[in-house]
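Contents: one structure, followed by commentary.
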Amino acid sequence: MTAGVSEPVEAPSRAMALSVEDLVVTYGSRRDPLRAVDGVSLRVARGETLGIIGESGSGKSTLVMAIAGLLPTTGGRIRIAPRDGELGAAAASVGRGGQVQVIFQDPALALSPSLPIWRSVAEPLAPGNIRVPARFRAQAVELLGQVGIGPELADRRPAQLSGGQRQRVTIARAVAARAPLIMCDEPVAALDISLQAGVLRLLDELRHTRELTYVFVSHDMTSIARIADQVGVMYLGKLVEVGPVRSVLREPRHPYTQALISAVPTVSLRARARSRTLLPGEIPDARRPPSGCRFRTRCRFAQDRCAVEEPTIGTGSEAHQVACHFWPEIQDAVTAT
Amino acid sequence: MGAHLLEADRLGLTIGGTRLLSDVSFTLDEGEVVGLVGESGSGKTLTGLTVMGLLPPNAEATGTVSFQGTELLTADAEDLRRLRGNELSMIFQEPRASLHPARPVGKQIVDVVRAHENTSKAAARDRACDLLSQVGLPNPRRTLGAYTHELSGGMCQRVMIAMALVCEPRLLIADEPTTALDVTIQAQIIALLHRLAEERGLAVLLISHNLGVVSDLCSRVITMYCGQVVAVDRTDTLLREPQHPYPWALLQASSVDLDATGEWTGIAGAPANPARPPAGCRFHPRCPYRTDACTSGEPELVAARNGGLTRCLRHEELTLTGVPA
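Those protein sequence lines, which keep their order, are chains A and B.
FYI, in my numbering the residues of the first sequence are 41 to 377.
FYI, in my numbering the residues of the second sequence are 1034 to 1358.
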């Protein structure tokens, strides 16, 4: 019932859709680089959704943009599996659209304001064309129908649609490219709460009907709890915890994850009574990250060892992994109080 | 009258001929922290701006809004100016957009102090410094000289709150004060508002679309839909047993249940347009509990079974379930 700490390891034969090894993405000059993603490794099984959570500046958007080929990488390896194949090197960024698509946070910015929406959706169907030939219209209208946008809306411009409808259009466009892997960067954050559930449900349906794999970046635990199978937690360019979503959200091991989850205001009578642990301060400057464990400057459990030795995320076979020297003791302390 | 700090009664608002608020009635008592929730376009922010008297010139308001016995809708500009800042303050969603980008934040606070009080620059600067430390900014002396681009979103919001507190107002209207912030910083700001309300007896009207934030901080919740107040509940009543299908649906949409088997629903359809509201109950096109009666009779805001108010024709027969205890 409950996702226990010693959950059985998943069958290793599970086909992988995405593998990222030791990925490094830097911004800025070579002399004063900002390592926005600093040695992140992760794997996503085919048909699964990996949620990524973390504060602004943790590198979660940079990570998915790099996977999508929209940012150059400084180090590491990205491998993507085609629909029915094994993991292989990701294509050069220009050609990666057939492997990975992205759904962005703000659909108003992600769609061309001057194109009728069917043309935006049809663009991946006819790559290389400056203007999509009209013969792709029927296919685009069908895709729009699959995301709940009726044919009568196909000739509208994005400004004539609501935010929820616009996001559905960008989803149709992402699906049109037939890429097996989709990066979702806060896809419902700009939508009203009543519309969020509908878009999430659509994403979940498409995942099954079109056999898609998602990496889903969000700061909203409600969406993550609803759509993700696995969840990774990022802090200052590092992945600090990863595991099955129920296990991580219920029994977070890293003190950062604990604070992050505790900070989320939830609508429950229990949560109102609970006193929460406030995380002091803000995320440090990524140009000058703290030595050792990057979280130690805000961690109430930090000890001398944390400043000198950087904890690594386990490479073992266990499903729920954490990069913290002291997590078993911390978890005992937290459950004891 | 005069029993409530703030009382809005059948407030209606038209801007440039477009009807945006139709029937907004609520009260707020001294020292009370009350949430105002609803989707985009429901009229939450306009309600806040009306109380502040910050409407465009082509706005026409009807009904009454009284604050400590002063009728705000008919008050002259001079009276309003005296109330704003001294008694009423407002903070906004985008703190950075509300601050001057090319003037140190300390100077901006000093401006506010000196606009309301006859004090020397040095004394005003000390006040500013004191306020910045009260809102939990580390190193307030240095922050006085900082520009907004040197501060994070959370720090800018603390500066805004400090500025709003200059004249020790009785009522703070906080319009989505944490929406643009990270959850960890949001928790810090919520804790700050909570502390200020408790220590200073400050009444807060917290405008938010996030029921989590509201239920965390507020003792009562006012729910708006399509330019009307549709429900007023004590927070624990709302969480246990909502008395109107709209707040019920919002609650369902915002609760996380890790054990749920994937059956989660939003609210069907899109929010109604207050300029062209549906006939009958304005929520009926999206309401799973509607009957024929809901499509014609326009419900009034009436006392609900478990206290509070509801604008639902079927409130006596419906029993809606809240969130799990």
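Where a beta carbon is used, it is the ideal one built from N, C-alpha and C, also for glycine.
{"Item": "Within 10 angstroms of the Cβ of Asp372 (chain A), are there 16 or more other Cβ atoms? Answer buried if so, exposed if not.", "Value": "exposed"}
{"Item": "Quick one: what does DSSP say Cys1251 (chain B) is sitting in, helix, strand or coil?", "Value": "coil"}
{"Item": "Need the endpoints of the beta strand (DSSP E) that Thr1095 (chain B) sits in, please.", "Value": "1092 to 1100"}
{"Item": "Among B:Val1066, B:Ser1075, B:Leu1039, B:Leu1061, which one has its Cα closest to the Cα of Leu1046 (chain B)?", "Value": "B:Ser1075"}
{"Item": "Chain B beta carbons: is any one of them nearer than 8 Å to that of Pro198 (chain A)?", "Value": "no"}
{"Item": "Arg1052 (chain B) by DSSP, collapsed to three states: which one?", "Value": "strand"}
{"Item": "What does the alpha-carbon distance come out to for the pair Gln1285 (chain B) and Asp1109 (chain B)?", "Value": "44 Å"}
{"Item": "So is Ala359 (chain A) in contact with chain B if we call contact Cβ pairs under 8 Å?", "Value": "no"}
{"Item": "Strictly below 8 Å CB to CB, what residues from chain A border Thr1266 (chain B)?", "Value": "A small fix is needed here, since residue 1266 (chain B) is Asp in this sequence, not Thr. Correct list: empty, because the minimum Cβ distance to chain A is about 13 Å."}
{"Item": "So, with DSSP's three-state summary, where would you put Gln141 (chain A)?", "Value": "strand"}
{"Item": "Buried or exposed: which applies to Glu1350 (chain B), given that a residue is buried once 16 or more other Cβ atoms fall within 10 Å of its Cβ?", "Value": "exposed"}
{"Item": "Using the rule of at least 16 other Cβ atoms within 10 Å of the residue's Cβ for burial, across every protein chain shown, is Gly1234 (chain B) buried or exposed?", "Value": "exposed"}
{"Item": "Measure the Cβ-Cβ separation of Leu1184 (chain B) and Pro1173 (chain B) and say whether it is below 8 Å.", "Value": "no"}
{"Item": "Taking the alpha helix (DSSP H) that Cys1162 (chain B) belongs to, which residues open and close that run?", "Value": "1154 to 1167"}
{"Item": "For the 8 Å Cβ check, are there 3 or more pairs between the region 119 to 136 of chain A and the region 198 to 210 of chain A?", "Value": "no"}
{"Item": "Does the region 151 to 169 of chain A touch the region 214 to 222 of chain A, meaning 3 or more C-beta pairs lie closer than 8 Å?", "Value": "yes"}
{"Item": "Any residues in the region 283 to 313 of chain A with a beta carbon nearer than 7 Å to a beta carbon of chain B? Which ones, in chain order?", "Value": "Arg286, Leu289, Arg290, Ala299, Leu300, Ala303, Val304, Pro305, Thr306, Val307, Ser308, Leu309, Arg310, Arg312"}
{"Item": "Within a Cβ cutoff of 7 Å, which residues of the same chain sit near Asp1249 (chain B), ignoring the five residues on either side of it in sequence?", "Value": "Ile1223"}
{"Item": "Quick one: grab the DSSP three-state call for Pro1137 (chain B).", "Value": "coil"}
{"Item": "Are any of the Cβ atoms in chain A nearer than 8 Å to that of Glu1072 (chain B)?", "Value": "yes"}
{"Item": "So the alpha helix (DSSP H) Thr1268 (chain B) belongs to, where does it begin and stop?", "Value": "1268 to 1273"}
{"Item": "If we ignore side chains and look at the alpha-carbon of each, how far apart do Ala313 (chain A) and Asp1269 (chain B) end up?", "Value": "Any reading at Ala313 (chain A) must be qualified, since the residue scores a pLDDT of 49, below 50, and its modelled position is unreliable; no value is offered."}
{"Item": "Taking 8 Å as the cut-off, decide whether the C-beta atoms of Arg1344 (chain B) and Ala1213 (chain B) are in contact.", "Value": "no"}
{"Item": "Can you round the beta-carbon distance between Gln361 (chain A) and Glu281 (chain A) to whole angstroms, since I take them to be within the 8 Å contact cut?", "Value": "7 Å"}
{"Item": "Restricting to runs no shorter than 3 residues, where is the beta strand (DSSP E) found entirely within the region 144 to 178 of chain A?", "Value": "none"}
{"Item": "Could you tell me the alpha carbon to alpha carbon distance between Thr253 (chain A) and Phe366 (chain A), rounded to whole angstroms?", "Value": "33 Å"}
{"Item": "Along the region 1078 to 1097 of chain B, what residues have a CB closer than 9 Å to any CB found in chain A?", "Value": "none"}
{"Item": "What is the residue span of the alpha helix (DSSP H) that Gln1279 (chain B) lies within?", "Value": "Per the sequence shown, residue 1279 (chain B) should be read as Tyr rather than Gln. Segment 1278 to 1287, the alpha helix (DSSP H) holding Tyr1279 (chain B)."}
{"Item": "For the region 1303 to 1314 of chain B, which residues have a CB atom closer than 8 Å to at least one CB atom of chain A, in sequence order?", "Value": "Ala1303, Pro1304"}
{"Item": "For Glu1093 (chain B), which residues from the same chain have a beta carbon less than 6 Å from its beta carbon, with the 5 sequence-adjacent residues on both sides left out?", "Value": "Thr1047"}
{"Item": "Mapping DSSP to helix, strand and coil, what is Gln1126 (chain B)?", "Value": "coil"}
{"Item": "Determine the burial state of Ala1336 (chain B): buried for a count of at least 16 other Cβ atoms within 10 Å of its Cβ, exposed for fewer.", "Value": "exposed"}
{"Item": "Which one or two residues does DSSP pair with Ile233 (chain A) in a beta bridge?", "Value": "Beta-bridge pairing links Ile233 (chain A) to no other residue."}
{"Item": "So which of B:Gly1178, B:Ala1155, B:Glu1104 has the shortest CA-CA distance to Ala1135 (chain B)?", "Value": "B:Gly1178"}
{"Item": "May I ask you to list the residues that DSSP assigns as paired with Cys1327 (chain B)?", "Value": "Looking at the DSSP assignment, Cys1327 (chain B) forms no beta bridge with any residue, so it has no partner."}
{"Item": "How about Leu1353 (chain B) and Glu1274 (chain B): do their beta carbons lie closer than 8 Å?", "Value": "yes"}
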